[in-house]
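Letter by letter, the sequence shown follows residues 8 to 157 of the working numbering. Single-structure report; data block below.
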Amino acid sequence: MDGEGDLHAQDDDVQERVRTHAEGTAYLQEISVFIILIYARAWFEAPLAADDLNDLTLFHDLHKYRDLNSKISEATVKTFKRHFWYLGTDLVDLALFSDKVTIEEKTKMVEKLAIDKDLDKKRWTTAPQDPSSVEWVDQYVQKHLYAQKA
Numbered sequence: 008m009d010g011e012g013d014l015h016a017q018d019d020d021v022q023e024r025v026r027t028h029a030e031g032t033a034y035l036q037e038i039s040v041f042i043i044l045i046y047a048r049a050w051f052e053a054p055l056a057a058d059d060l061n062d063l064t065l066f067h068d069l070h071k072y073r074d075l076n077s078k079i080s081e082a083t084v085k086t087f088k089r090h091f092w093y094l095g096t097d098l099v100d101l102a103l104f105s106d107k108v109t110i111e112e113k114t115k116m117v118e119k120l121a122i123d124k125d126l127d128k129k130r131w132t133t134a135p136q137d138p139s140s141v142e143w144v145d146q147y148v149q150k151h152l153y154a155q156k157a
């Protein structure tokens with residue numbers, strides 16, 4: 008330093024960097040908590056074909072995450088809803104092979120699939136109901152979360 012510069016200008020620069028670092032750290036903490044609590048499990052279970060109900064479970068978890076961080080929850084739910092186009096009864100059937108689904112739930116699923124003979128030609132879209140009201144996969148097939156769309 009030559010003694011000619013403005014030392015206060017340097018202090019302002021340091022303060023700005025500290026403030027930016029603190030904000031960045033807060034964002035990093037928020038996304039880290041989301042990854043640990045929600046995303047990591049879904050990521051590692053995604054390749055399991057017999058556990059297709061993971062999508063419903065993930066959607067349910069994303070919705071419940073709003074209690075911790077509504078901003079992340081809303082963004083992820085909105086994005087996830089765009090990917091429901093592929094869900095159909097052909098994928099619901101795979102849940103019948105899952106150890107996570109009880110015998111009672113599997114029975115309810117089979118009963119629903121047997122009632123509607125045209126069900127295999129239909130896809131599902133998100134209904135306006137709150138997905139957190141869906142208890143488990145048998146309700147996924149039967150009522151609240153999805154409305155049938157030909």
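All C-beta atoms, glycine included, are put in the ideal place defined by N, C-alpha and C.
N-terminal and C-terminal residue of the alpha helix (DSSP H) that residue i is part of
i, result
"His67", "Asn61 to Lys71"
"Phe51", "Ala47 to Glu52"
"Phe87", "Ser77 to Lys88"
Under the three-state DSSP convention, the category residue i falls into
i, result
"His28", "helix"
"Val117", "helix"
"Val108", "coil"
"Leu3", "As shown, the chain starts at 8 and ends at 157. That puts residue 3 outside it, with no answer to give."
"Gln136", "In this prediction, Gln136 scores a pLDDT of 46, lower than 50, which makes its location untrustworthy; the coordinate-derived value is nonetheless stated afterwards. Residue state, collapsed to three classes: coil."
"Tyr153", "Residue confidence is low: Tyr153 scores 39 on pLDDT, short of 50, so the model does not pin down where it sits. Its coordinate-derived value is still stated next. If DSSP states are grouped into helix, strand and coil, Tyr153 belongs with the strands."
"Glu23", "helix"
Q: Please determine if the region 42-49 and the region 60-74 are in contact, where contact requires at least 3 C-beta pairs separated by less than 8 angstroms.
A: yes
**Q.** the region 76-87 / the region 34-46 touching (three or more Cβ pairs under 8 angstroms)
**A.** yes
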